[in-house]
Amino acid sequence: MIVDSELLGDFVSTLGRLDSGAPDCLDSSTLARALYSSDASIYRVVPTAVARPRSVEEVTALVRAAAEVGLPVTTRGAGTSCAGNAIGEGLVIDLARHLHTIHQLDPEARTAVVDPGVIQASLQDAGRPHGLRFGPDPSTSTRCTIGGMIGNNACGPRALGYGRTCDNVVSVDLLTAAGDVLTVRSGESADPRLTRLRELAEANLGVIRTEFGRFSRQVSGYQMEHLAPENGFNLPAFICGTEGTLGIVTRATVRMVADPPYGVTVALGYPTMPEAADAVTALLPFKPVACEGMDRRIVDVVARAKGASAVPDLPRGDGWMFLDLRGDDLAEVTARAQQMTAASGALDARVVSDPVEAAALWQIRSDGAGLAGVSLEKLAWAGWEDAAVPPSDLGAYLRDFEELLTAHGLHGMPYGHFGEGCVHCRIDYPLDADDGPAQYRSFVEDAAALVARHGGSASGEHGDGRARSALLPAMYSPEAISLFGQVKGILDPDNLLNPGVLVDPRPVEADIRVFAARNSPLTLSHPQFAHDVHQCTGVGKCIAENSQHGGVMCPSYQASHNEKDSTRGRAKVLQEMVNGTLVNGWDSPEVAQALDLCLACKGCARDCPTGIDMASYRSRVFFEKYRGHLRPRSHYVMGWLPRWERLISAVPGMATVTNTALKIPGIKHLGRWVAGVDQRRPLPTFRPGGPARKGLSAEHSTTAADAVRAGRSSTAKHGRVVIWIDSFSDMLGDCDLSAVVAVLADAGYQPEVLTDDVCCGLTWITTGQLDGAAKKLRKALDVLAPLAEAGIPIVGLEPSCTTVWRSDAQELVGDDPRTAVVGKDIHTMAEMLEAAGWQPPSLAGHTIVAQPHCHHASILGFGPDRRLLEASGATVTTVGGCCGYAGNFGVEIGHYETSVAVAEHDLLPAIEKAGPGAIVVSDGFSCRRQTSDLAGRRALTLAELFASHLQHH
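Quick note: the sequence shown uses our numbering, first residue 2, plus one each step.
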């Protein structure tokens, strides 16, 4: 069905009549439609409008108006549905944006009353002080909503011990397609629709008892077993997994379970993953609350993406199971773990009691979906990603499944909840090939037949959605399929709610996103860009609170909580730009709106499990948009800042004159306007004495040519190192080069400051002037490459500039082999100090707030800096997130409020909590400026901090 503008107009008019304020929550803009055209599935369905209701009353008005005019309705929580459950062509209702209140948590009754948009992790946080938790814990628990979990009957690793969502729901308020709200509880109900539902179940008990509820992860279809008399006509459990096709949950009472205080993780190694699966039934009697399986392919990709240190020592083998055992007595839990290990038949085993190490093991699993999607030679996709079989059949199923992949010429990385027989797998279907959809359908139909032969379910926890609803006849009889239609007819007779899902389903090969864009002009002209933006699968880690765990992504979303300001939202808009039928061209207003508040922090380059680098995409968009056109003023002023710095420094006394002039009110305001700088931002000052690189004595200065002639060796214990001065450190503000020299010398190096003029082109990159950036980089290679080729380490000062050589330069001038050589040879000061085994001076008694530059944390890695600070004996708080200044972003007109909001999320609270006596440390020029501007505190560089205490060393 195609929804026309006249129908939309009728809907808006009807909605206003029912609730005069409700139209305010509607958004039918092209931007909104682009943002909500996809979830975490392979599908794309552009909605007619999006609603973000602020109350249950508005939700009710929306559904009543939609029913009156015949506009289809699809509800959405976090938008992390892998099967296309949360997209639709009519009205998409976002229940997460405003409806996220925990109304009550009763520790004695062990229940909580929640809105549908409450995030699972938020409910866990609320229950933790009482020793309670919500049992199911999907890998998306940091952003998935309780309403969405009810819709899909979500499970997660610990559903083995704590139950599925359907096992933990007491009652729900269900808004029906008729526009009334039913409070649904177990047992009898006076509502005639529910009476008819009970009668339907009683008339079909033979089908229900033989085909449904055969094992815990039989999630596909409607879970009719809950309507059987022996299960107490458990309507709340039945509603779980109906995927918004029978009603909309507007409030739920859920069961909280006790979380035993003691736990150990057992890691078991087997020759192969199927052999690990064969052992599952021998492990279940020991009552693990989680039993997860994976093989070396997943582990290797974690090591490649995050470094070998991200993977704790694993038992021998190429297939593993991780099991979580918990209890009220540590000795009993440990004994049970040892007994289970003895019965496991494993090659090797480890019992891990250290919570940090155990958390690292489980983190491998939680990032599995996204990592698996980018671990193969080609992009891998959802679609057949959560099939389940009875655990006793799991090993045999995995062997057959691998054979099926081979027969279809496909590749995947299976892993999953082995304790309940549920297997996740992202597969490299050629979805963008001309016959891609046909190949996809052929595989999933064969896969459905395979899982049915093993007595399994096409879905084990994600629901069927658009990906598997059409496959239900492979596992259910015609009588069971007919039952689904009759249930739908009772509660949604006009097929208003989430049409195309479960009943009268869309073909599995319809509406595939990358297929629709395969021959678009932009795909053909920029294939790499099209490929890169489609790496985003929508798993939504960018909308989670990542900074509390040291993450950076996504600072703008944490400031605004608008989907357009998330990494995922931006990627969806760029995907629509690639498609070209909704969003048109590099210069489209929707692209501009989506990218406007991107700080180019590169947090997603590390934190996004699918490898999105939005900063790079943003630069490319700017480059293409302004190619041959006039740019914003800030691109010429701040984008060319190193050029202006050099012009000013070339004239003796000009820096002082400029600094003085920019303090005069009229000139100062004019200067900000010309530069595109917000009038509330103080302007940095130019270094009066000229470039810093020329201010040191000859003993600590060198040209690249002289350093190459001298070579690496010197009288210093660790030899010669060259300090490269970037444009910020060289000509702006407060860089103390003598501190860097002193600390490196103390560590046993012979530090020499490079006097050659070397610019990495960072400001050209961030403003999308990529041709100019490439020229700067090639010129810089002429200076730095000989040093690197001579084996002389190069020490960078400004993290964002050092980062260029490890990321952007590889993309812009990677065709020059010298780029890779320089990228490997350039280091942070902390890396060099750690390599020398240097012991920092004692800072015992001091409190330090360390703000890593976002590029430092995301690309370079802040580990060496953090370890040095901790080794000093100081009390150290390492701030997550971004400071909000982010180069030119934080000073540009239109960005001030967001910049401040980002700082208020992590940096400013950390400084305030640490107290006035704390030392703030950051090597990032932007971070130091933000700290000065907003907190009135001067942040020190790491070198300044250590150098000031060397006399006590």
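From the three backbone atoms N, C-alpha and C, an ideal C-beta is built for every residue, glycine too.
With 16 as the cutoff for other CB atoms within 10 Å, does S38 come out buried or exposed?
Buried: at least 16 other Cβ atoms inside 10 Å.
Nearest-angstrom Cα distance between M2 and R929?
A caution first: M2 carries a pLDDT of 46, below 50, which makes its placement in the model unreliable, though a value can still be read off. Distance between the alpha carbons of M2 and R929 is about 55 Å.
Using the C-alpha atoms, what's the distance from A791 back to V47?
C-alpha separation (whole angstroms): 56 Å.
Between N580 and S650, is the Cβ-Cβ spacing less than 9 Å?
Contact annotation: N580 and S650 have beta-carbon atoms that are not nearer than 9 Å.
Quick check on DSSP: helix, strand or coil for L9?
Note: L9 maps to helix in three-state DSSP.
Sufficient close CB pairs (3 or more, under 8 Å) joining the stretch 270 to 285 to the stretch 122 to 131
They do not touch, by the three-pair rule.
Do you know whose CA, among S714, D757, G762, lies nearest G981's CA?
Given that the chain is displayed from residue 2 to residue 954, the structure contains no residue 981 and the question cannot be resolved.
Is the beta carbon of R467 less than 9 Å from the beta carbon of G85?
In contact: R467 and G85 (Cβ atoms closer than 9 Å).
Is DSSP giving M2 helix, strand or coil here?
Confidence at M2 is low in this model, with a pLDDT of 46, below 50, so its placement is unreliable and no value can be given for it.
Nearest-angstrom Cα separation, counted from R165 out to I209:
Taking the straight line joining both Cα atoms gives about 20 Å.
Contact defined as beta carbons within less than 8 Å: I believe L788 pairs with A717. What is the distance between those atoms, to the nearest angstrom?
At roughly 17 Å, the Cβ-Cβ gap does not stay under 8 Å, so L788 and A717 are not in contact.
Mind checking whether R186 and L236 have CB atoms under 9 Å apart?
Yes, they are a contact pair.
Assign E203 to one of two classes, buried (16 or more other C-beta atoms within 10 Å of its C-beta) or exposed (fewer than that).
Residue environment analysis places E203 among the exposed positions, since fewer than 16 neighbouring C-beta atoms fall within 10 angstroms of its C-beta.
Buried or exposed: where does D907 fall if 16 or more other Cβ atoms within 10 Å of its Cβ makes it buried?
The residue in question, D907, is buried, as its Cβ has 16 or more Cβ neighbours within 10 Å.
Are there three or more Cβ pairs, one per stretch, closer than 8 Å when the stretch 134 to 141 is compared with the stretch 214 to 229?
At 8 Å Cβ cutoff, the stretches do not touch.
For a quick check, are the C-beta atoms of A601 and F890 less than 9 Å apart?
It is a contact, given that the beta carbons lie within the stated cut-off.
Can you name the start and end residues of the beta strand (DSSP E) that L175 belongs to?
L175 -> beta strand (DSSP E) spans 170 to 176.
Determine the extent of the beta strand (DSSP E) in which W765 is found, giving its start and end residues.
It is not in any beta strand (DSSP E) - W765 instead sits in the alpha helix (DSSP H) that spans 763 to 767.
P666 to A845, Cα distance in whole Å?
Computed Cα separation, rounded: 45 Å.
Using a 10 Å radius around the Cβ and a threshold of 16 neighbouring Cβ atoms, would you call T102 buried or exposed?
Per the 10 Å Cβ criterion, exposed.
Proximity to V652 [Cα-Cα], best of A450, P692, S801, A97
For the residues A450, P692, S801, A97, the minimum Cα distance to V652 belongs to P692.
To the nearest angstrom, report how far apart A179 and A191 are at their CA atoms.
Taking the straight line from one Cα to the other gives about 17 Å.
Report yes or no: do three or more beta-carbon pairs, one from the stretch 731 to 742 and one from the stretch 582 to 601, lie closer than 8 Å?
Judged by pairs of C-beta atoms under 8 Å, the stretch 731 to 742 does not touch the stretch 582 to 601, as fewer than three such pairs exist.
Evaluate the contact criterion for the stretch 797 to 813 versus the stretch 871 to 879: three or more CB pairs, one atom per stretch, below 8 Å.
When Cβ pairs closer than 8 Å are counted between the two stretches, the stretch 797 to 813 is seen not to touch the stretch 871 to 879, the count staying below three.
Buried or exposed by the 16-neighbour rule on C-beta atoms within 10 Å, applied to A238
A238 comes out buried.
Under a Cβ-count criterion, where at least 16 other Cβ atoms within 10 Å of its own Cβ denotes burial, should S478 be classed as buried or exposed?
Looking at its Cβ environment, which holds fewer than 16 other Cβ atoms inside 10 Å, S478 is exposed.
Report the option in V60, A67, A66, P108 whose CA atom is closest to the CA atom of L96.
With distances taken between Cα atoms, L96 lies closest to V60.
Nearest to Q852 by alpha carbon, out of H719, K825, R939?
For Q852, the closest of H719, K825, R939 by C-alpha to C-alpha distance is R939.
Keeping to the same chain, check which residues put their C-beta closer than 7 Å to that of R695; ignore five residues upstream and five downstream.
What sits at residue 695 in the sequence shown is Lys, not Arg. For K695, the CB contacts under 7 Å within the same chain, skipping 5 residues up- and downstream, are T756 in chain order.
Quick check on DSSP: helix, strand or coil for S521?
Here DSSP, grouped into helix, strand and coil, assigns S521 to coil.
Distance CB(A459)-CB(R427) smaller than 9 Å:
No.
Around the C-beta of A699, are 16 or more other C-beta atoms found within 10 angstroms, so that it is buried, or is it exposed?
That one is exposed.
D866 and L951 closer than 9 Å at C-beta
In this structure, L951 does not lie closer than 9 Å to D866 by Cβ.
L738 lies in the alpha helix (DSSP H); which residues open and close that run?
L738 -> alpha helix (DSSP H) spans 738 to 747.
Roughly how many angstroms separate the alpha carbons of N153 and M578, rounded to a whole number?
If I take the Cα positions, the gap works out to 30 Å.
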